[in-house]
Amino acid sequence: MERDDEQIGQSAAVRDYFGTHYAAMYRFYEMLRDQGELRGLIGPREVGRLWDRHLLNSAAVVPYLSSARSIVDVGSGAGLPGIVIAVQRPDAEVILIEPMERRVAWLTEVSEELGLQNVEVRHGRAEEYDGALEADAVTSRAVAALSKLVRMSMPLLRPGGEMVVLKGRNVEREIDPALKVLRRFKASEPEILEGSTVDGAEVTTILRVRRG
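Under this note's numbering, think of the first position of the sequence shown as 1, with each following residue one higher.
Shown next as structure tokens:
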């Protein structure tokens, strides 16, 4: 029997996992639950599985960003993973890049509601910021195939910075078509990593690659 999403979010395991950031995470959940479908941020089937499929999934990338002081989230959309990262990493500067105006408005509202002083929301496509940013890390979730994602993300990184992206289980199939563009940036060999959060939550697939 599947656990109720609300129960997952209020469980001791999730409370312990987020610790001092739990209150902000729960408020973000409430905003997504109440407004996400209405504002075209998530599909109707996703409203009842926000914790397992989206919030915990997004949080799984955070341990791989521990040394990053500046993080750019490309195609932030509903704020997954960008807002989740900003909540858990208040010590890092987090820039959310989003091309759709209504989603920019949403990200701005969420940042203000949660009191996130470390967030900057930028309206536009990632390509428009080519060379204008030099971040330690660039993240994304369900934005594009890897070959396109590399072209969008690598120019936003400092040399030695890392793309750390949430991907599906079949990400290995995307690596070969992306090799040519990866070589252009003298990138490291892509690593496929497992992101885990609380017991019982689905393990997340993460791809990490360093700019040369």
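Note that the Cβ used here is the ideal one computed from N, Cα and C, for glycine as well.
From the options, residue whose alpha carbon lies closest to that of residue i
i      : options                        : result
Gly48  : Leu65, Ile83, Tyr64, Ile8      : Ile8
Gly115 : Glu101, Val61, Asp136, Gln88   : Gln88
Tyr129 : Glu30, Leu96, Ser111, Ala145   : Leu96
Pro177 : Lys148, Leu156, Gly168         : Lys148
Trp51  : Met152, Val61, Phe28           : Phe28
Asp199 : Leu65, Ala60, Arg173           : Ala60
Arg69  : Gly19, Asp136, Arg125          : Asp136
Ser66  : Gly168, Arg184, Val164, Glu202 : Val164
Val150 : Glu127, Asp16, Ala132, Ala92   : Glu127
Arg158 : Arg211, Ala24, Lys167, Arg184  : Arg211
Glu30  : Val110, Val62, Tyr17, Val14    : Val110
Glu202 : Leu166, Arg125, Glu112         : Leu166
Val62  : Tyr26, His21, Arg183           : His21
Residue i classed as buried or exposed, judged by whether at least 16 other C-beta atoms fall within 10 angstroms
i      : result
Asp5   : buried
Ala142 : exposed
Ile83  : buried
Thr139 : buried
Ala195 : Note that residue 195 corresponds to Gly in the displayed sequence, not to Ala. Buried, because 16 or more other Cβ atoms sit within 10 Å of the Cβ of Gly195.
Gly75  : buried
Glu162 : buried
Ala92  : buried
Lys186 : exposed
Ala24  : buried
Glu174 : buried
Thr197 : buried
Ala12  : exposed
Chain-order list of residues whose beta-carbon lies under 6 Å from that of residue i (same chain, five-residue window excluded)
i      : result
Asn57  : Thr204
His54  : Leu80
Leu32  : Leu50
Pro190 : Ile175, Leu207, Val209
Contact set for residue i: own chain, Cβ-Cβ below 7 Å, skip 5 residues either direction
i      : result
Gly36  : Ile42, Val47, Ala78
His123 : Glu98, Glu101, Val104
Val94  : Ile71, Asp73, Gly82, Ile85, Ala86, Asn118, Val119
Pro155 : Asp130, Gly131
Gly168 : Thr205
Gly160 : Arg210, Arg211
Pro90  : Asn118
Beta-carbon proximity list for residue i, same chain, < 8 Å, skipping 5 on both sides
i      : result
Arg39  : Arg102, Trp106
Val171 : Leu146, Ile192, Thr205, Leu207
Pro44  : Glu37
DSSP state of residue i mapped onto helix, strand, coil
i      : result
Ser140 : strand
Arg122 : strand
Ile8   : helix
Leu41  : coil
Pro159 : strand
Lys186 : coil
Val74  : strand
Ala145 : coil
Thr204 : strand
Val232 : Nothing about residue 232 can be read from this structure; the chain reaches only from 1 to 212.
Val181 : helix
Ala23  : helix
Glu172 : helix
Glu109 : helix
Arg69  : coil
Leu166 : strand
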